[in-house]
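In the working numbering, the protein residues as written are 78 to 379. Everything below concerns the one structure shown next.
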């Protein structure tokens, strides 16, 4: 046989072998993916590790959106409210978002189509606009529906999160350590001084658009029969009467006079913060107890 025929046969054989390898690899990848989907769907493992704050917010939001049945009461707010914890039997979901604000939370609830019996709206970050990019990522057409049917597609079930959860079980800080968090008073003083300077010169961007978004969401839920309550998270007592705080309180009283607004008396130091704004773990537990007793109880079924 001529040498060029032998060469051609060798090339075809090589191509066939490569194609076979590719198809086997694709088949293996599909098989492993299918197995992963089946295992996640069957076990629904608890995930406690997240890669960053943005992903944590996506997970909190998706857990709410795809939860059935949903709690009848929902909290929306910022990182100030995220540390409040509630038991399943208390029928409340904390949709407060680190680095986010209550408007984003209201938009999530509205876009999900769910109508809660009550929504508690943290007002400390009242002037923060809704995060449109974040909302777009949650409600991507087609993928939004698929995540409800195939839970392995939800953000929290990324492989790295599962591995991180396993490691965190052995390497993470205990609850006891968190409860005894030490506060650097010198650092705290500097942070409060900086925040005080900022909050005494409040700047509200796109005020008309901001108020329009607030009214659209508030009006929507009021028409649906949802009870709405504004509430404040406590901060360092030195930040109790800043211009920013007064501006927000005035907005709420002027724009939404029919909605209850529970203001915090920050003249004492019942609650401690690590930076002037965010409660320590222990103080968050203490405030959550107050919240359940004095605020949540206003919507308890009797």
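Idealized CB from N, CA, C, for every residue including glycine.
Under 7 Å between the Cβ atoms of residue 310 and residue 201? yes
Where residue 102 falls: helix, strand or coil (DSSP): helix
Going by beta-carbon coordinates alone, are residue 307 and residue 335 separated by less than 7 Å? no
Do you know how far the Cα of residue 142 is from the Cα of residue 230? 14 Å
By how many angstroms is the C-alpha of residue 366 removed from the C-alpha of residue 197? 15 Å
How do the stretch 217-232 and the stretch 177-184 stand: do at least 3 beta-carbon pairs fall below 8 Å, yes or no? no
Relative to the C-alpha of residue 315, which residue among 348, 148, 332 is closest? 348
Closest residue to residue 277 among 287, 363, 320, 312 (Cα-Cα distance): 320
With 16 as the cutoff for other CB atoms within 10 Å, does residue 240 come out buried or exposed? exposed
Is the stretch 156-170 close to the stretch 352-369, with three or more CB pairs under 8 Å? yes
With burial defined as no fewer than 16 other Cβ atoms inside 10 Å of the residue's Cβ, what is the status of residue 373: buried or exposed? buried
Could you give the C-beta distance for residue 171 and residue 152, rounded to a whole number, given that I count them as a contact under 8 Å? 5 Å
Checking 7 Å against the spacing of the C-beta atoms, do residue 232 and residue 135 come in under that value? yes
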